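Okay, so here's the structure we're looking at.
In the UniProt record's numbering, the protein residues as written are 1 to 189.
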């Protein structure tokens with residue numbers, strides 16, 4: 001994991017970044033300890049039409065049927081007070097009350113794609129259940145593939161592309177984990 005403030009690599013279980021002392025408590029000081037109430041698709045930036053939001057919502061539902069232990073959320077808009085985008089995404093994933101999240105889906109299995117149209121930034125944050133299955137390179141590649149859509153203002157197409165790429169990565173990693181599990185049990189890979 002990389003620290004949302006200084007972007008240095010830190011141990012995923014670290015409560016505080018050893019490089020810059022950033023923590024969830026520091027983010028709470030900026031944004032509050034009570035997270036926002038939001039739906040999995042929170043288009044606060046007003047980037048999508050109703051039809052586009054419906055299309056993204058259906059894709060999120062498909063993702064969650066494919067990966068019942070995970071969930072995907074999208075947030076558009078500027079962080080309150082113009083705060084740092086990476087830190088805000090980290091705080092939202094850890095503190096938001098996701099109103100339409102199915103019961104039993106743990107926060108640690110969440111993936112948040114956040115887009116700030118004003119600063120033209122996008123970022124992905126994910127829970128620790130995805131460690132070993134999703135990495136910085138994977139999310140960078142997924143967002144790189146969406147970049148051309150976002151530049152053209154086709155936000156829903158870019159979001160869908162990120163979800164497709166992330167799904168491909170997770171399917172590949174799940175197959176590999178299954179093969180390794182069989183090998184460890186004495187089976188054939």
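The C-beta atom is built at its ideal place from N, Cα and C for all residues, glycine as well. Since we're looking at a predicted model, the values are computed, not measured.
TODO: Note down the Cα distance separating residue 26 from residue 65, rounded to an integer number of angstroms.
DONE: Using only the alpha carbons, I get a separation of about 35 Å.
Task: Stretch-stretch touch, CB-based, cutoff 8 Å, three pairs: the stretch 49 to 57 with the stretch 2 to 11 - done: no
Task: Test item: CB-CB of residue 47 and residue 155 under 9 Å - done: Taking 9 Å as the cut-off, the Cβ atoms of residue 47 and residue 155 count as close.
Task: Length at least 4, wholly inside the stretch 21 to 53: the alpha helix (DSSP H) runs in chain order - done: Restricted to the stretch 21 to 53, the alpha helix (DSSP H) segments that are unbroken, complete and at least 4 residues in length are 24 to 31, listed in chain order.
- [ ] Look up residue 77 in the DSSP assignment and say whether it is helix, strand or coil.
- [x] Of the three classes helix, strand and coil, the one that applies to residue 77 here is coil, per DSSP.
Task: Start-to-end residues for the beta strand (DSSP E) that takes in residue 130 - done: First-last for residue 130: undefined, no H or E at that position.
Open item on the list: When you compare the stretch 134 to 147 with the stretch 167 to 186, are there three or more beta-carbon pairs, one atom per stretch, that lie closer than 8 Å?
Closed with: When Cβ pairs closer than 8 Å are counted between the two stretches, the stretch 134 to 147 is seen to touch the stretch 167 to 186, the count reaching three or more.
Open item on the list: Rounding to the nearest angstrom, what Cα-Cα distance links residue 95 and residue 123 in this structure?
Closed with: Rounded to the nearest angstrom, the two C-alpha atoms are 17 Å apart.
Task: Sequence ranges, beta strand (DSSP E) only - wholly within the stretch 79 to 162, length at least 3 - done: Fully enclosed beta strand (DSSP E) runs of 3 or longer: 110 to 116, 121 to 126.
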